[in-house]
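Residue numbers (the working numbering): 72 to 187.
Report on one structure; see the data block that follows.
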């Protein structure tokens with residue numbers, strides 16, 4: 072929660088659905104009487120939050136919104152040319168020549184590292 076003056080607030084992004092909640096004030100669970108509420112299975116009063124029917128405060132701003140255009144080059148694909156296939160593959164790093172698989176097991180090849 073964030074404190075702003077005397078108020079505390081919390082911002083959550085919730086998927087669509089009906090949520091039941093209570094506030095804890097001074098260690099006591101409370102239902103806010105000026106908001107929609109119902110009684111849960113245990114007989115406790117809980118507030119309801121229905122995010123299924125969310126309507127933006129300013130519908131005009133949503134209607135007028137246009138997503139930014141992407142660059143055409145970001146979606147293009149250039150097929151490899153013949154000269155790309157004629158290139159030699161890059162050289163292997165030196166570490167790949169020192170593989171431990173399929174090597175002879177000996178005391179020298181399985182020596183304990185210095186830091187252990």
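Positions of the beta carbon are idealized from the N, C-alpha and C atoms, including for glycine.
Quantities reported herein were computed from a predicted structural model and do not represent experimental measurements.
For residue 87: DSSP bridge partner residues: Answer by DSSP bridge pairing: none, since residue 87 is not bridged.
Coarse secondary structure for residue 271, derived from DSSP in three states: This structure does not reach residue 271, given that the chain is present from 72 up to 187, and the question cannot be answered.
Whole-angstrom distance between residue 140 and residue 100, CA atom to CA atom: A straight line joining the alpha-carbon of residue 100 with that of residue 140 spans about 50 Å.
Span of the beta strand (DSSP E) around residue 79: For residue 79, the enclosing beta strand (DSSP E) begins and ends at 78 to 80.
Host beta strand (DSSP E) of residue 118 (start-end): Residues 116 to 121.
Nearest to residue 104 (by Cα), restricted to the options 94, 73 and 90: Selected option, being the one with the closest Cα: 94.
Span of the beta strand (DSSP E), counted from its first residue to its last, around residue 102: Premise fails: residue 102 is in no beta strand (DSSP E) and is neither H nor E.
CB contact flag (residue 84, residue 119, <8 Å): No Cβ-Cβ contact shorter than 8 Å links residue 84 with residue 119.
Inter-residue spacing [alpha-carbon to alpha-carbon] between residue 78 and residue 112: About 31 Å.
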